[in-house]
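Enquirer: Heads up: the sequence shown runs through residues 187 to 411, numbered per this note's numbering.
Questions regarding the structure given below will be posed in turn.
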Amino acid sequence: GENQDGVTHTKSNFTVKLKPTRGNICADDGNVLATSVPGYFVRMDMGAAGVRKIYAEKSDSLALMLSSLFRNSSAKEYKRKLDKAFREKDRGFMLTPRKIDYFELQKMKKFPILRKGTFGGGRIIEQENKRVLPLGKLAARTIGTLNIGASADRSENVGNTGIEQAFEEYLAGEEGVGYRQNLSGKWLNRVEIQPKDGMDVMTTLNIRFQDITESALEKQLKSSD
């Protein structure tokens, strides 16, 4: 069947949608006004042969490291959740309580068990992009926003206002298709169709003029209450 993430599972494999990187929105001089920054979730395949071998020895340390990094639960509570997933041989137990950045991902890759990698440590890394405006609120209304609710597929962010909406078909790119296959207890990642990244949109927005104009308008708004 298919779960809420659009992932289709069978007993031995599951297919996944491979997300393209959304195109940038740029000013007239090439400065980036909107871009996509990757964030990550980390899962663990508790049925992996390598995990089954070292879990008893390393799980206490893993629980301690998870508690230390996220500070949302005690090491004891993390251990309880890990043990339950281990007993049930959960093939995709979510370790991250929130999306993490690249530097946090590098830390997690060194955690007990996880440092053994995909096969030895059952490590599964999922990437999800976050939209950011490097110049803050500058021209933010013109740049526009993304919204999950604006999509027929509610798991997807699409342009909802401004340039993000007007040029959605160019910025979005095209999804690819891959699958994870379980071969003799080892999960392999395979790509069937590569995702096609979105195109950049070059605007006529001049950052200097925009900044001067916004500042003048804000000053006048404040002075006139």
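C-beta atoms are modelled at their ideal positions from N, C-alpha and C, and glycine is treated no differently.
What you are looking at is a predicted structure, and each value in this text was computed from that prediction instead of being measured.
Please identify the residue among E263, D231, V218 and N346 whose C-alpha is closest to the C-alpha of D246.
Expert: As a first step, residue 246 must be located in the sequence shown, where it is residue number 60. Measuring from the Cα of D246, the nearest candidate turns out to be E263.
Enquirer: With the cut-off set at 8 Å, would you say L291 and R229 are in Cβ contact?
Expert: Counting from one through the sequence shown, the residue named residue 291 turns up at place 105. Counting from one through the sequence shown, the residue named residue 229 turns up at place 43. Result no, Cβ atoms of L291 and R229 do not sit closer than 8 Å.
Enquirer: On the premise that D231 lies in contact with I311, defined as a C-beta separation below 8 Å, what is that separation, rounded to the nearest angstrom?
Expert: Taking the first residue of the sequence shown as position 1, residue 311 is located at position 125. Taking the first residue of the sequence shown as position 1, residue 231 is located at position 45. That pair is no contact at about 12 Å.
Enquirer: Looking only at its own chain, which residues have a Cβ that is under 8 Å from the Cβ of L324, when we skip the five neighbours before and after it?
Expert: In the sequence shown, residue 324 corresponds to position 138, counting from 1. Hits under 8 Å: L219, I393, Q396, D397 and E400.
Enquirer: What does the Cβ neighbour count give for P320, buried or exposed, with the cut at 16 atoms within 10 Å?
Expert: Mapped onto the sequence shown, residue 320 falls at position 134. Flag for P320 reads exposed.
Enquirer: Is DSSP giving T347 helix, strand or coil here?
Expert: Locating residue 347 in the sequence shown gives position 161, counting from the first residue. In the structure shown, T347 sits in coil (DSSP, three-state: anything other than H, G, I, E or B).
Enquirer: DSSP on N189, reduced to helix/strand/coil?
Expert: As a position in the sequence shown, residue 189 is number 3, starting the count at 1. Low local confidence applies: a pLDDT of 44 at N189 is under 50, so the model's placement there is unreliable, with the coordinate-based value given in what follows. Residue state, collapsed to three classes: coil.
Enquirer: Rounded to whole angstroms, what is the Cα-Cα separation between L248 and A235?
Expert: Working through the sequence shown from its first residue, we reach residue 248 at position 62. Working through the sequence shown from its first residue, we reach residue 235 at position 49. Computed Cα separation, rounded: 17 Å.
Enquirer: For T331 and L391, which I take to be in contact (beta-carbon distance under 8 Å), what is that distance rounded to the nearest angstrom?
Expert: Residue 331 sits at position 145 when you count from the first residue of the sequence shown. Residue 391 sits at position 205 when you count from the first residue of the sequence shown. Contact doesn't hold; Cβ gap of about 16 Å is too wide.
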